[in-house]
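Peer 1:
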Amino acid sequence: MKLSKTKAFKTFAGPAWTENPINMQMLGICSALAVTVQLKPAIVMALAMTFVVSFSNLIISAMRKIIPSNIRIIVELAVIASLVIVTDEFLRAYMYDVSKLLSVFVGLIITNCIILGRAEGFALSNPPHLAFIDGLGNGAGYGSVLIFVALIRELFGSGNIFGFSVVPQAFYDAGYEDMGIMLLAPAAFIIIGLMAWLQKYLTTRDEV
Amino acid sequence: MVDLISLFLNSVFAGNILLAFFLGMCSFVAVSRNLEASIGLGFAVIFVLSITVPLNWFIFHYLLAPGALAWLGLGAYDLSFLKLIVFIAVIAAMVQALEMIIDQFSAALYANLGIFLPLIAVNCAILGGSLFMVERNYTFIESVVYGFGSGVGWMLAIVAMAAARIKLRYADLPRGLEGFAITMIITGLMAMAFMMFSGITM
């Protein structure tokens, strides 16, 4: 059996591309935009998010038979909030400068609709290993959008990638200027909008 | 006083919680399809933000901040790492309580606001408001003004967006651009317009 036919692979690839949480399902945009001015915080945020969503899926899926359904939201929130606190404390301890840049947005992972959405929609009705893979897939889908947006914004906004200058000095001498707008909020909205357009165009082409 | 007015104007316009800090996007995109629902949700957000931000200010400064437990003789403890879980619990409990109170006292208000309250518990703008309040070290009065101001700013953005989307219904958009993509692009343009306010200082 080919790898691409297995259930696990489909569980991973769905949310990573065709059901991308940001571009296709419009979830979790809140935090996606604010951390994409530079690549480094975007990557850290993507990793933090992947960690939280996959482990919250795993834990909730493992407990799915013993959670009473009328208080499930509060149980899910408690699991997610605990994982986010672990992530937040970890970042503060080992990557203090990045955690300063991310400021409140690590905490806001709690209210990220992707996590609660996956817990409700997938983890409660699937076994733990699939739920974990689904979490990884969602993390990858979320992370890829984040990293792509951050790449565009850092490259065109400040001429850097990972803080290293990549635009040759000759360009600046010839009159090229960094686009300040890329570093500001509006550019993030517009880039996500254009990306969602592109992805929707590509994924729906076959059906027309 | 001038400081407070300036903080209010800043949280409504230049530092708009949605357009400058991207908070509350999920419900913004989903609900702005409908103008009446946007107005209802906007009022609910103003209401909840103006209550939870000052409430969380009290909880943070008297229970969680480093040395905050001094009034119990436990000044050595720093519980600020608990703020995430406590804030979200306060917000969820507050929303639940408000829903019950509104249901008791005003059927008309409940019909308009009630359905939006559960949505609000997971709206990032509410938790974000409380976290920014801690991050920026607001005083109590400032936190009241900030909570109210961000609510007003959020409502302004969603109502403007809902109005724009009514016109959009008749637009002939290229395939794939309709829905989410065009909403984000319009939001970007709106954010640009709001940034013009940042030049205004008092």
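Taken in order, these protein sequences are the chains called C and D.
For the first sequence, counting from 1, position 24 maps to 24 in the working numbering; every step adds exactly one.
Whatever position you read off the second sequence (first residue = 1), add 1000 for the working numbering.
Cβ coordinates follow ideal geometry from the N, Cα and C atoms, glycine included.
Would you decide whether C:Ser69 is buried or exposed? Buried here means 16 or more other CB atoms lie within 10 Å of its CB.
Peer 2: Taking the first residue of the first sequence as 1, we reach residue 69 of chain C at position 69. Result: exposed.
Peer 1: Check whether the Cβ atoms of C:Ala81 and D:Ile1088 sit closer than 9 Å, and answer yes or no.
Peer 2: Here residue 81 of chain C is taken as the residue at index 81 of the first sequence, counted from 1. Here residue 1088 of chain D is taken as the residue at index 88 of the second sequence, counted from 1. Going by C-beta atoms, C:Ala81 is nearer than 9 Å to D:Ile1088.
Peer 1: From D:Leu1156 to C:Thr6, what does the alpha carbon distance come to, in whole angstroms?
Peer 2: For the purposes of this step, residue 1156 of chain D is identified with residue 156 of the second sequence, where counting begins at 1. For the purposes of this step, residue 6 of chain C is identified with residue 6 of the first sequence, where counting begins at 1. Their backbone Cα atoms lie some 48 Å apart in a straight line.
Peer 1: Closer than 8 Å between beta carbons: that is the criterion. Which residues of the region 85-117 of chain C meet it against chain D?
Peer 2: Going along the region 85-117 of chain C in chain order, one finds Ile85, Asp88, Glu89, Ser103, Val104, Gly107, Leu108, Ile110, Thr111, Asn112, Cys113, Leu116 with a Cβ nearer than 8 Å to chain D.
Peer 1: Kindly say whether D:Ala1089, judged by its beta-carbon, lies nearer than 9 Å to any beta-carbon of chain C.
Peer 2: By one-based count along the second sequence, residue 1089 of chain D stands at place 89. So yes, D:Ala1089 belongs to the interface.
Peer 1: Taking 9 Å as the CB-CB limit, is D:Val1095 close to chain C?
Peer 2: The sequence position of residue 1095 of chain D within the second sequence is 95, counting from 1. Not one chain C Cβ lies under 9 Å of D:Val1095.
Peer 1: Kindly indicate which three-state DSSP category D:Ser1106 falls into: helix, strand or coil?
Peer 2: Sequence index remark: in the second sequence, residue 1106 of chain D carries index 106 (1-based). D:Ser1106 falls in the coil class under three-state DSSP.
Peer 1: Using only the alpha-carbon positions, how far apart do D:Ile1166 and C:Leu146 sit?
Peer 2: In the second sequence, residue 1166 of chain D corresponds to position 166, counting from 1. In the first sequence, residue 146 of chain C corresponds to position 146, counting from 1. For D:Ile1166 and C:Leu146, the distance between alpha carbons rounds to 30 Å.
Peer 1: In this structure, does DSSP put D:Ser1032 in helix, strand or coil?
Peer 2: On the second sequence, residue 1032 of chain D is found 32 positions in, with the first residue counted as 1. Correct three-state label for D:Ser1032: coil.
Peer 1: So with CB distances below 9 Å, who are the chain C contacts of D:Ala1092?
Peer 2: Along the second sequence, one-based indexing puts residue 1092 of chain D at 92. The contacting residues are Ile73, Ile74, Leu77.
Peer 1: Smallest Cα separation from D:Ala1125: which of D:Gly1153, D:Val1159, D:Asn1137?
Peer 2: Translated into positions along the second sequence, residue 1125 of chain D becomes position 125. Closest option to D:Ala1125, Cα to Cα, is D:Gly1153.
Peer 1: Using a Cβ-Cβ distance under 9 Å, would D:Thr1187 count as near chain C?
Peer 2: Locating residue 1187 of chain D in the second sequence gives position 187, counting from the first residue. Closer than 9 Å: yes.
Peer 1: Less than 8 Å between the CB atoms is what I'm expecting for D:Ser1027 and D:Leu1041, so what's the real figure, rounded?
Peer 2: Along the second sequence, one-based indexing puts residue 1027 of chain D at 27. Along the second sequence, one-based indexing puts residue 1041 of chain D at 41. Confirmed, about 7 Å.
Peer 1: From D:Glu1036 to D:Ile1158, what does the alpha carbon distance come to, in whole angstroms?
Peer 2: Reading the second sequence from its first residue, position 36 is the one you call residue 1036 of chain D. Reading the second sequence from its first residue, position 158 is the one you call residue 1158 of chain D. Taking the straight line joining both Cα atoms gives about 11 Å.
Peer 1: I'd like to know whether the C-beta of D:Glu1135 is nearer than 9 Å to at least one C-beta of chain C.
Peer 2: Position 135 of the second sequence holds residue 1135 of chain D. Judged by the 9 Å Cβ criterion, D:Glu1135 is in contact with chain C.
Peer 1: Distance, Cα to Cα, D:Ile1039 vs D:Val1045?
Peer 2: One-based indexing of the second sequence puts residue 1039 of chain D at position 39. One-based indexing of the second sequence puts residue 1045 of chain D at position 45. If you take the alpha carbons of D:Ile1039 and D:Val1045, they lie about 10 Å apart.
Peer 1: Could you say which of C:Ile191, C:Gly28, C:Leu184 lies nearest to D:Ile1185 if we only look at CA atoms?
Peer 2: Along the second sequence, read from residue 1 onward, the residue named residue 1185 of chain D stands at position 185. It is C:Ile191 whose Cα lies nearest to the Cα of D:Ile1185.
Peer 1: Provide the residue span of the alpha helix (DSSP H) that contains C:Lys200, from first to last.
Peer 2: What you label residue 200 of chain C is simply residue 200 of the first sequence in a count that begins at 1. Looking at the DSSP string, the run of the alpha helix (DSSP H) that includes C:Lys200 is 185-204.
Peer 1: Taking all protein chains shown into account, decide if C:Lys65 is buried (16 or more other Cβ within 10 angstroms of its Cβ) or exposed.
Peer 2: Within the first sequence, residue 65 of chain C is the residue found at index 65, counting from 1. C:Lys65 comes out exposed.
Peer 1: Using three-state DSSP, classify C:Phe164 as helix, strand or coil.
Peer 2: As a position in the first sequence, residue 164 of chain C is number 164, starting the count at 1. Reduced to three states, the DSSP call for C:Phe164 is strand.
Peer 1: Output needed for C:Phe132: all residues of its chain with C-beta closer than 7 Å, excluding positions within five of it in sequence on either side, in chain order.
Peer 2: As a working note, residue 132 of chain C is residue 132 in the first sequence. Excluding residues within five positions, the ones whose Cβ falls inside 7 Å are Ser54, Asn57, Leu58.
Peer 1: According to the neighbour-count rule (16 or more other Cβ atoms, all chains shown, within 10 Å of its Cβ), is D:Pro1054 buried or exposed?
Peer 2: Within the second sequence, residue 1054 of chain D is the residue found at index 54, counting from 1. Buried, because 16 or more other Cβ atoms sit within 10 Å of the Cβ of D:Pro1054.
Peer 1: Less than 9 Å between the beta carbons of D:Thr1052 and D:Val1086, yes or no?
Peer 2: Within the second sequence, the letter at position 52 stands for residue 1052 of chain D. Within the second sequence, the letter at position 86 stands for residue 1086 of chain D. No, Cβ-Cβ distance for D:Thr1052 and D:Val1086 is not below 9 Å.
Peer 1: Below 8 Å CB to CB, which residues in the same chain sit around C:Ile152 once its five sequence neighbours on both sides are set aside?
Peer 2: The residue you call residue 152 of chain C lines up with position 152 of the first sequence. For C:Ile152, where only same-chain residues beyond five positions count, the Cβ hits under 8 Å are Met182, Ile191.
Peer 1: What residue from C:Val149, C:Thr203, C:Phe189, C:Gly175 has the CA that sits closest to D:Arg1175's CA?
Peer 2: The residue given as residue 1175 of chain D occupies position 175 in the second sequence. Out of C:Val149, C:Thr203, C:Phe189, C:Gly175, C:Thr203 has the C-alpha closest to the C-alpha of D:Arg1175.
Peer 1: Which residue spans inside the region 95-168 of chain C form an unbroken alpha helix (DSSP H) run of at least 4?
Peer 2: Qualifying alpha helix (DSSP H) stretches, in chain order: 96-102, 113-121, 128-158.
Peer 1: Is C:Gly157 near C:Val37, with beta carbons less than 9 Å apart?
Peer 2: Locating residue 157 of chain C in the first sequence gives position 157, where the first residue counts as 1. Locating residue 37 of chain C in the first sequence gives position 37, where the first residue counts as 1. Contact: yes.
Peer 1: For C:Thr50, which three-state DSSP category applies?
Peer 2: By 1-based counting over the first sequence, the position of residue 50 of chain C is 50. The answer is helix: DSSP assigns C:Thr50 an H, G or I state.
Peer 1: List the endpoints of the continuous alpha helix (DSSP H) containing D:Ser1198.
Peer 2: Here residue 1198 of chain D refers to the residue found at position 198 of the second sequence. Looking at the DSSP string, D:Ser1198 is not in any alpha helix (DSSP H), and its letter there is neither H nor E.
Peer 1: Work out the CA separation of D:Met1133 and C:Pro168 for me, nearest whole Å.
Peer 2: In the first sequence, counting from the first residue as 1, residue 168 of chain C sits at position 168. In the second sequence, counting from the first residue as 1, residue 1133 of chain D sits at position 133. Their backbone Cα atoms lie some 42 Å apart in a straight line.
Peer 1: Smallest Cα separation from C:Ser99: which of C:Leu155, C:Ile85, C:Gly135?
Peer 2: For the purposes of this step, residue 99 of chain C is taken as residue 99 along the first sequence, with counting starting at 1. Taking only the C-alpha atoms, the option nearest C:Ser99 is C:Ile85.
Peer 1: Which of the three DSSP states is assigned to D:Ala1014 in this structure?
Peer 2: Counting from 1 along the second sequence, the entry for residue 1014 of chain D is found at position 14. DSSP places D:Ala1014 in coil when its eight states are reduced to three.
Peer 1: Quick one: list the residues of chain D neighbouring C:Tyr201, beta-carbon separation under 7 Å, in chain order.
Peer 2: Position 201 of the first sequence holds residue 201 of chain C. Those are Arg1175, Gly1176, listed as they occur along chain D.
Peer 1: Can you give me, in chain order, the residues of the region 1023-1043 of chain D that have a beta carbon less than 9 Å from any beta carbon in chain C?
Peer 2: From the region 1023-1043 of chain D, only Leu1023, Gly1024, Met1025, Cys1026, Ser1027, Phe1028, Val1029, Ala1030 have a Cβ closer than 9 Å to chain C.
Peer 1: Determine the closest residue to D:Ala1162 out of D:Ser1150, D:Phe1148, D:Thr1187, D:Gly1147, with distance taken between C-alpha atoms.
Peer 2: In the second sequence, residue 1162 of chain D corresponds to position 162, counting from 1. Residue D:Thr1187 is the option with its Cα nearest to D:Ala1162.
Peer 1: Measuring alpha carbon to alpha carbon, tell me which of D:Phe1116, D:Lys1083, D:Leu1189, D:Leu1084 ends up nearest D:Leu1098.
Peer 2: By one-based count along the second sequence, residue 1098 of chain D stands at place 98. The shortest Cα separation from D:Leu1098 among D:Phe1116, D:Lys1083, D:Leu1189, D:Leu1084 belongs to D:Phe1116.
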